[in-house]
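Engineer: In full-length UniProt numbering, the protein residues as written are 76 to 443.
The C-beta atom is built at its ideal place from N, Cα and C for all residues, glycine as well.
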Ligand code: ADP
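As structure tokens, then:
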């Protein structure tokens, strides 16, 4: 069991230097064709940052084709995330795409690739890689702290949004949790389990436990199709022991949010049960509310009243609030399939990626 330690918060607002990478980054990744698919995909990578479908070209920050490795994704997305998180930025990665396009593989990889002893497994997803780097950077920082003793504390939680309800993946008896957003405590999910982690093994235990509690069900598209969004969060607090002037500015708090969204597919509900129809509707609704929020953020929020920014329109948008705007760095990984039968979903995934790319990072969002 992991025991909580004393928590010391920074009372003064964080003044952070501008990080070199953009506030919102969009990366597209295509998975390889599987045995049933023909190798005649209409989706083509045309350069390091663009992809074409027929005569239409879409440009992003980076495009990774089916030859890309998990390490490539980590270098592109995970390494800057860890650096930004340690510098005090709220950082998020969000995987968006059709079921079967590679969200789970990209984010988590197979559970067998997470466990101790398999840490060099080439299939390991970016989330375990991020925590391997984060925890070793923290250890290095504590050892080389040049006369100031920096303490770090990391606490993790893992939740699922299923049918618009928030479930605690670390305590499956906790369902329908509420998001609280008050002036005193800020933003939090009431009664959500938080576990303190000090080692990579602590993190893998939490990941494996949470992922095995995730709701999965069979659909006509993919037997492992998921109808829920999952959010793994780690809050990192650091502070300096002592009163030395070297301690100045070393208290920081930042949040890493890793979000795997439910599949974006058009509902093929004819051969699935009524329960799935309801779940599918809720998934569709929350993804479209998220799209609506992104649309508004892309138009710019300065001229809008706070009540016009629909953060509270769904559990997902509410939880994403701290991932957008101000002191936040968001990377969206749009996963696409090379299968021509999925062209409709691929185009809508790429359109969504372009919309996210046009979000203006407006510090005023933090005040809303
Ligand atoms: P999703 O989470 O979007 O439903 P998955 O991650 O489960 O999709 O991927 C579907 C299948 O494709 C899985 O068998 C997965 O291992 C495989 N896959 C996905 N992306 C890749 C990739 N980049 N390289 C190799 N296999 C992949």
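#1: Report yes if the C-beta of residue 97 is less than 6 Å from at least one heavy atom of the ligand ADP; otherwise report no.
#2: If you draw a straight line from the alpha carbon of residue 431 to that of residue 424, how long is it in whole angstroms?
#3: Could you check where the alpha helix (DSSP H) with residue 284 kicks off and where it finishes?
#4: Would you grab the beta carbon distance between residue 180 and residue 329 for me? Rounded to a whole angstrom, and I think it's under 8 Å.
#5: When we look at the beta-carbon of residue 346 and count the other beta-carbons within 10 Å, is it buried (16 or more) or exposed?
#6: Where the beta carbon is closer than 5 Å to any heavy atom of the ligand ADP, which residues qualify, in chain order?
#7: Please report the distance separating the alpha-carbon of residue 167 from that of residue 266.
#8: Less than 6 Å between C-beta atoms, sequence neighbours within five positions excluded: which residues of the same chain meet that for residue 357?
#9: Which residues in the same chain as residue 185 place their Cβ atom closer than 7 Å to its Cβ, once the five residues preceding and following it in sequence are excluded?
#10: Restricting to Cα atoms, I'd like to know which of 203, 174, 178 and 129 is closest to residue 188.
#11: So residue 372 packs on residue 399, CB below 8 Å; how close in whole Å?
#12: Taking C-alpha atoms, which residue in 421, 313 and 428 lies nearest to residue 365?
#13: Would you decide whether residue 484 is buried or exposed? Buried here means 16 or more other CB atoms lie within 10 Å of its CB.
#14: Confirm, please, whether the CB-CB distance from residue 421 to residue 411 is below 7 Å.
#15: Using the three-state DSSP reduction, which class does residue 434 fall into: helix, strand or coil?
#16: Mark residue 413 as exposed unless 16 or more other C-beta atoms lie within 10 angstroms of its C-beta, in which case mark it buried.
#17: Since residue 274 and residue 333 should fall inside the 8 Å C-beta cutoff, what is the C-beta to C-beta distance between them, to a whole number of angstroms?
#18: From residue 123 to residue 138, what distance separates their C-alpha atoms?
#19: Locate the beta strand (DSSP E) running through residue 304, then write down its first and last residues.
#20: Grab the span of the alpha helix (DSSP H) containing residue 394 for me, first residue to last.
#21: Taking residue 207 as part of the beta strand (DSSP E), name the residues at either end of that continuous run.
#22: Residues in its own chain within less than 6 Å of residue 403 by CB, not counting five upstream and five downstream?
#23: Run the CB neighbour count on residue 251, radius 10 Å, all protein chains shown included, and call it buried at 16 or more, exposed below.
#24: My understanding is that residue 178 touches residue 335, with C-beta atoms under 8 Å, so please give their C-beta distance in whole angstroms.
#25: What is the DSSP secondary structure of residue 190, reduced to helix, strand or coil?
#26: Please report the distance separating the alpha-carbon of residue 227 from that of residue 289.
#27: How close, in whole Å, do the beta carbons of residue 119 and residue 143 come, if the pair is a contact with beta carbons under 8 Å?
#28: Any beta carbon of chain C sitting closer than 7 Å to that of residue 366?
#29: Is residue 164 helix, strand or coil when you go by DSSP?
#30: Apply the 10 Å Cβ neighbour rule to residue 434 and answer buried if 16 or more other Cβ atoms are within range, or exposed otherwise.
#31: Assign residue 243 to buried or exposed, taking buried as 16 or more other Cβ atoms, counted over all protein chains shown, within 10 Å of its Cβ.
#32: In chain order, what residues of the same chain have a beta carbon less than 7 Å from the beta carbon of residue 284, not counting five sequence neighbours either side?
#33: Buried or exposed: residue 111, going by 16 or more other Cβ atoms within 10 Å of its Cβ?
Structural biologist: Working from what's here:
#1: no
#2: 11 Å
#3: 275-288
#4: Wrong, their Cβ atoms sit about 27 Å apart, outside the cutoff.
#5: Because the pLDDT of residue 346 is 43, which lies under 50, any placement of that residue in the model is unreliable, and the number read from its coordinates should be weighed accordingly. Exposed: under 16 other Cβ atoms inside 10 Å.
#6: 106, 174, 175, 176, 177, 178, 179 and 180
#7: 22 Å
#8: 238 and 239
#9: Beyond the five residues adjoining it in sequence on each side, residue 185 comes within less than 7 Å, by CB distance, of 198 in the same chain, given in chain order.
#10: Looking only at 203, 174, 178 and 129, the smallest Cα-Cα distance to residue 188 is reached by 203.
#11: 6 Å
#12: Cα-wise, what sits closest to residue 365 is 428.
#13: Residue 484 lies beyond the range of the chain shown here (76 to 443); nothing can be said about it.
#14: yes
#15: coil
#16: buried
#17: Rounded, the Cβ-Cβ distance is 18 Å, inconsistent with contact.
#18: 5 Å
#19: 303-316
#20: For residue 394, the uninterrupted alpha helix (DSSP H) run begins and ends at 390-395, by DSSP.
#21: It is not in any beta strand (DSSP E) - residue 207 instead sits in the alpha helix (DSSP H) that spans 201-218.
#22: 165
#23: Exposed.
#24: 5 Å
#25: coil
#26: 29 Å
#27: With 8 Å as the limit, residue 119 and residue 143 do not qualify as a contact, their Cβ atoms being about 15 Å apart.
#28: Among the protein chains of the structure shown there is no chain C, as only one such chain exists.
#29: coil
#30: buried
#31: By the beta-carbon neighbour count (other beta carbons within 10 angstroms, threshold 16), residue 243 is buried.
#32: 245
#33: By the neighbour-count rule (16 or more Cβ atoms within 10 Å), residue 111 is not buried but exposed.
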